[in-house]
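Engineer: Next up is a structure, given as structure tokens.
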Amino acid sequence: LAPSHDSPSHLQVGWNSSVPQCIDAEPPSFVDCPEEPIQVQTDQIGQLAPADYAVPMAVDNSGRVAWVRVEPEHFAHPRIITADTDVVYTAFDDTGNSAECVVRLRIP
């Protein structure tokens, strides 16, 4: 129709409400969080070897994990531990949703 013609109201299409907003309510997840404790190995002379494991990888439905916090602070693997240790990985997305993975390191 040309701009000078009026359309019957039953043929008019339009939007008369607010613009819908997409809200991210789904938290990140870890694809490889170990369910069982990880036993720290000993070397040939019985000394504890560094705790070595695959670092859990976080993914998010938005395609981006904003950041991952590791506790104890500054924990990096492989690392020698002297007592049972829980390493907690917490992943956050851009909207503040979070997920947690606990890696339980156990000494013999």
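In this text, residue positions in the sequence shown follow the working numbering: the first is -14, and each later residue adds one.
Yeah, the Cβ is synthetic: ideal placement off N, Cα and C, and Gly gets one too.
#1: Taking just the CA atoms, how far does V72 sit from V40?
#2: Taking the alpha-carbon positions, what's the I30 to S47 distance?
#3: Across the segment 3 to 10 and the segment 55 to 71, are there enough close Cβ pairs to call them in contact, namely three or more that are closer than 8 Å?
#4: Alpha carbon to alpha carbon, what distance is there between N82 and P57?
#5: Quick one: measure Cβ to Cβ for E13 and A84, integer angstroms, because I've assumed they're closer than 8 Å.
#6: Assuming A36 and R64 make a contact with CB atoms under 8 Å, what is their CB distance in whole Å?
#7: For R91, I'd like the list of residues in its chain whose CB is within less than 8 Å of its CB, leaving aside the five on either flank, ordered along the chain.
#8: Taking the straight line between their C-alpha atoms, what separation do you get for T75 and G(-1)?
#9: So, are the CB atoms of D45 and D78 less than 8 Å apart?
#10: What does a CB cutoff of less than 7 Å around H62 pick up in its chain, not counting 5 residues either side in sequence?
Structural biologist: Taking the coordinates as given:
#1: In the sequence shown, the residue the question calls residue 40 occupies position 55. In the sequence shown, the residue the question calls residue 72 occupies position 87. Each residue's alpha carbon lies about 10 Å from the other.
#2: Position 45 of the sequence shown, counted from the first residue, corresponds to residue 30. Position 62 of the sequence shown, counted from the first residue, corresponds to residue 47. If I take the Cα positions, the gap works out to 48 Å.
#3: no
#4: Counting from 1 along the sequence shown, the entry for residue 57 is found at position 72. Counting from 1 along the sequence shown, the entry for residue 82 is found at position 97. If I take the Cα positions, the gap works out to 21 Å.
#5: Numbered from its first residue, the sequence shown carries residue 13 at position 28. Numbered from its first residue, the sequence shown carries residue 84 at position 99. At residue 13 the sequence reads Pro, which differs from the Glu that was named. Right, the Cβ-Cβ distance comes to about 5 Å (below 8 Å), so this counts as a contact.
#6: Counting from one through the sequence shown, the residue named residue 36 turns up at place 51. Counting from one through the sequence shown, the residue named residue 64 turns up at place 79. That belief holds up - the Cβ atoms of A36 and R64 are roughly 6 Å apart, short of 8 Å.
#7: Numbered from its first residue, the sequence shown carries residue 91 at position 106. Cβ within range, chain order: P22, I23, Q24, V25 and D69.
#8: Looking up residue 75 in the sequence shown gives position 90. Looking up residue -1 in the sequence shown gives position 14. Using only the alpha carbons, I get a separation of about 45 Å.
#9: Locating residue 45 in the sequence shown gives position 60, where the first residue counts as 1. Locating residue 78 in the sequence shown gives position 93, where the first residue counts as 1. In contact: D45 and D78 (Cβ atoms closer than 8 Å).
#10: Position 77 of the sequence shown, counted from the first residue, corresponds to residue 62. Only A36, D37, Y38 and V40 meet the Cβ criterion.
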